[in-house]
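Residue numbers (my numbering): 27 to 538. C-beta atoms are modelled at their ideal positions from N, C-alpha and C, and glycine is treated no differently. Here is the structure we will look at.
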């Protein structure tokens with residue numbers, strides 16, 4: 027009963043905050059997320075809510091059925107269930123976007139990746155880069171210019187990704203035709219109208235537009251795929267049922283629905299793959315498997331840091347988790363931990379060396395300048411630490427959904443109490459992971475590294491919260507399935523309200 031009350035109360039409070047015109051979603055005068063207008067009439071309300079309600083019902087029904095089967099399912103059946111869940115995650119992200127008003131919902135998947143003022147990676151790759159080889163060789167000089175917003179604070183991975191798509195569509199007409207087959211024609215029409223009105227560049231060619239569309243599609247697919255590593259990590263830490271609960275909850279995170287297909291939502295997926303390989307390598311007793319996971323962790327770390335330094339807090343979290351795991355039984359665990367660390371680090375360093383030989387781009391210099399440029403942002407933009415100290419936790423809670431945030435907080439409270447009563451040895455691996463996640467976020471919060479836009483910049487934190495909230499509902503408890511299902515449904519409701527009310531981007535002006 028207490029869980030039901032907490033979930034219901036959190037849902038009502040969150041809905042009231044979002045649906046009302048006050049308080050501002052941020053700090054006035056520094057950064058505030060704009061609110062979408064509420065539906066003007068019943069017809070508009072049905073237009074914006076019908077598809078999310080139908081798709082949410084499908085998601086909830088499948089997740090409820092999967093909850094009953096996952097514990098008894100074999101490994102192959104578990105894989106099938108998680109793959110279907112991944113497909114439903116993609117289905118939900120497309121459906122919940124309809125809760126936003128038109129033309130925002132039609133334009134967002136394309137314009138937000140194209141607009142050079144929003145991110146600029148596609149625009150730069152399409153219009154200002156003529157040679158990928160020269161771009162990489164000159165990348166250190168490019169970011170040395172001191173841009174504090176986008177390119178200057180990121181490694182070359184996102185530019186490289188868009189260059190690859192542009193070359194792919196230019197070379198293979200079949201891929202262009204495939205893209206055209208799945209494009210939303212209303213989105214294409216509105217994009218072309220805004221493109222003509224904005225005049226920030228020449229019109230995109232057919233192949234360039236296909237590359238933009240594929241970039242949006244792949245980003246959404248990667249965001250949907252986050253459920254896979256969430257399930258695998260939680261399965262290693264706890265049990266199959268809790269892993270299913272966590273993976274299903276990951277679908278419902280509101281901030282992913284608000285910001286997809288921005289690159290920030292992709293980091294939730296890439297960061298969790300790094301987490302999966304590291305946790306699996308640490309917990310396995312088989313040496314061959316440990317080496318395989320160690321190499322995969324090194325590869326994942328290289329890929330993550332090639333995309334963004336937003337993955338650095340994930341490294342910190344994994345280090346804290348590893349420390350807690352070793353301290354429980356350091357005599358028996360220190361050797362395998364050192365083995366994992368050495369092999370993973372060696373894989374990472376070797377990849378960095380190969381990269382530099384092939385591209386003449388020193389990633390260590392790039393990362394150093396990225397950090398310097400990021401620090402320069404706060405010299406140009408006014409941010410009040412004390413104000414964001416209060417707002418950021420609230421924004422994080424709203425961005426993952428107050429029901430899920432409340433359950434994660436309950437789990438953390440129990441874990442802290444248990445650690446005082448039984449010490450570190452009394453904590454399960456799942457509880458140690460929760461502490462590591464919470465401690466890392468507290469460090470990030472106190473550092474003031476993200477003062478503004480925390481809902482977007484902290485997307486990589488959202489899987490941690492899903493794993494923590496899932497552990498708050500133990501499968502063996504009375505009415506565990508009912509409690510978890512209520513949490514899932516309330517999260518779907520919260521996500522629909524959030525996407526329908528909060529705009530993560532500037533509003534679009536489009537001719538009818």
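Check                                                                                                                                                                 : Outcome
Our contact map puts residue 529 next to residue 130 with C-beta atoms below 8 angstroms; I'd like the distance itself, whole angstroms only.                         : 6 angstroms
So, with DSSP's three-state summary, where would you put residue 224?                                                                                                 : helix
At what residues does the alpha helix (DSSP H) containing residue 51 begin and finish?                                                                                : It is not in any alpha helix (DSSP H) - residue 51 instead sits in the beta strand (DSSP E) that spans 51-53.
Under the three-state reduction of DSSP, which class applies to residue 537: helix, strand or coil?                                                                   : A caution first: residue 537 carries a pLDDT of 39, below 50, which makes its placement in the model unreliable, though a value can still be read off. In this structure, residue 537 counts as coil in the three-state DSSP scheme.
When the Cα of residue 283 is compared with those of 38, 527, 32, which residue comes out closest?                                                                    : 527
Just to confirm the assignment: which complete alpha helix (DSSP H) runs, minimum length 4, are found wholly within the segment 208-287?                              : 211-224, 232-250, 253-263, 266-277, 280-285
Pull the bridge partners of residue 519 from the DSSP assignment, please.                                                                                             : According to DSSP, residue 519 bridges with nothing at all.
Would you check if there are 3 or more beta carbon pairs closer than 8 angstroms linking the segment 134-153 to the segment 183-190?                                  : yes
Taking C-alpha atoms, which residue in 231, 95, 175 lies nearest to residue 195?                                                                                      : 231
Of the residues 476, 355, 135, which one's Cα is nearest the Cα of residue 451?                                                                                       : 355
How far does the alpha helix (DSSP H) with residue 85 in it reach, from first residue to last?                                                                        : 68-96
Assuming contact is defined by CB atoms lying nearer than 9 angstroms, are residue 416 and residue 56 in contact in what I supplied?                                  : no
What number of angstroms, rounded off, separates the C-alpha of residue 237 from the C-alpha of residue 134?                                                          : 16 angstroms
Nearest CA to the CA of residue 385: which residue from 163, 220, 221, 48?                                                                                            : 163
Tell me which same chain residues have a C-beta within less than 6 angstroms of the C-beta of residue 72, skipping the five on either side of it?                     : none
Would you tell me roughly how many angstroms separate the C-alpha atoms of residue 79 and residue 519, rounded to the nearest one?                                    : 8 angstroms
Apply the 10 Å Cβ neighbour rule to residue 105 and answer buried if 16 or more other Cβ atoms are within range, or exposed otherwise.                                : exposed
Considering only the alpha carbon of each residue, which of 209, 490, 413 lies closest to residue 343?                                                                : 490
For residue 260 and residue 97, which I take to be in contact (beta-carbon distance under 8 angstroms), what is that distance rounded to the nearest angstrom?        : 13 angstroms between Cβ atoms; not a contact.
In the structure shown, what three-state DSSP assignment does residue 291 receive?                                                                                    : helix
Based on the DSSP secondary-structure assignment, which residues constitute the bridge partners of residue 123?                                                       : Answer by DSSP bridge pairing: none, since residue 123 is not bridged.
Just list the residues that DSSP pairs residue 61 with in beta bridges.                                                                                               : 528
Can you tell me whether residue 156 is helix, strand or coil according to DSSP?                                                                                       : coil
Ordered along the chain, which non-local residues of its own chain (more than five positions away) have a Cβ less than 7 angstroms from that of residue 323?          : 300, 303, 304, 307, 370
Between which residues of its own chain and residue 242 is the CB-CB distance below 7 angstroms, once the five residues before and five after are set aside?          : 135, 136, 139, 287
Take the Cβ of residue 207 as the centre, count every other Cβ of all protein chains shown within 10 Å, and call the residue buried at 16 or more, exposed below.     : exposed
Given residue 330, which residues of its chain have a CB within under 7 angstroms of its CB, disregarding the five upstream and five downstream residues?             : 296, 297, 300, 337
Would you kindly report the start and end of the unbroken alpha helix (DSSP H) that includes residue 130?                                                             : 130-140
Please give the ranges of any beta strand (DSSP E) in the segment 416-485, keeping only runs that are unbroken, at least 3 residues long and fully inside the region. : none
Is there contact here, the segment 385-398 with the segment 479-490, by at least three beta-carbon pairs under 8 angstroms?                                           : no
Per DSSP, what kind of secondary structure is residue 380 in: helix, strand or coil?                                                                                  : helix
Residue range of the alpha helix (DSSP H) that residue 329 falls in?                                                                                                  : 313-333
If you check the beta carbons only, do residue 89 and residue 277 fall under 9 angstroms apart?                                                                       : yes
Go ahead and pull the three-state DSSP assignment for residue 150.                                                                                                    : helix
With DSSP as the reference, label residue 198 as helix, strand or coil.                                                                                               : coil
Could you spell out where the alpha helix (DSSP H) holding residue 500 opens and where it closes?                                                                     : That residue, residue 500, is in no alpha helix (DSSP H); it is neither H nor E in DSSP.
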